[in-house]
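All remarks here apply to the structure that follows.
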Amino acid sequence: MKIRAIIHPAAEGGYWAEVPALPGCITEGETMEEVMANLKDAIEGWLDVANSRNAIGSTDQIVEIAI
Numbered sequence: 024m025k026i027r028a029i030i031h032p033a034a035e036g037g038y039w040a041e042v043p044a045l046p047g048c049i050t051e052g053e054t055m056e057e058v059m060a061n062l063k064d065a066i067e068g069w070l071d072v073a074n075s076r077n078a079i080g081s082t083d084q085i086v087e088i089a090i
């Protein structure tokens with residue numbers, strides 16, 4: 024899965040990142056490597072919560088589509 028994120032320099036140092044397609048999915052880190060790792064964790068967490076809130080019936084299917 025590919026998703027776009029925007030990484031900004033933080034005023035106090037380090038970086039913060041947001042994922043426009045996932046409202047409220049933001050994170051921060053002291054280095055670019057840290058913010059990238061935190062971003063992956065934030066996206067996975069956001070998707071896990073979103074998935075757990077959706078009721079999936081026995082005949083429903085979850086699919087991934089690459090564009």
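Numbered per the numbering used here, the sequence shown spans residues 24 to 90.
Glycine residues also receive a C-beta, built at the ideal position from the N, C-alpha and C atoms.
For residue i, which of helix, strand or coil comes out of DSSP?
i          : result
residue 87 : coil
residue 34 : coil
residue 28 : coil
residue 44 : coil
residue 74 : helix
Terminal residues of the continuous alpha helix (DSSP H) containing residue i?
i          : result
residue 51 : Here residue 51 belongs to no alpha helix (DSSP H); instead the beta strand (DSSP E) covers 49-52.
Do residue i and residue j have their C-beta atoms closer together than 8 Å?
i          : j          : result
residue 62 : residue 28 : yes
residue 47 : residue 37 : no
residue 45 : residue 30 : no
residue 39 : residue 54 : no
DSSP has residue i in a bridge; who is on the other side?
i          : result
residue 39 : 31, 51
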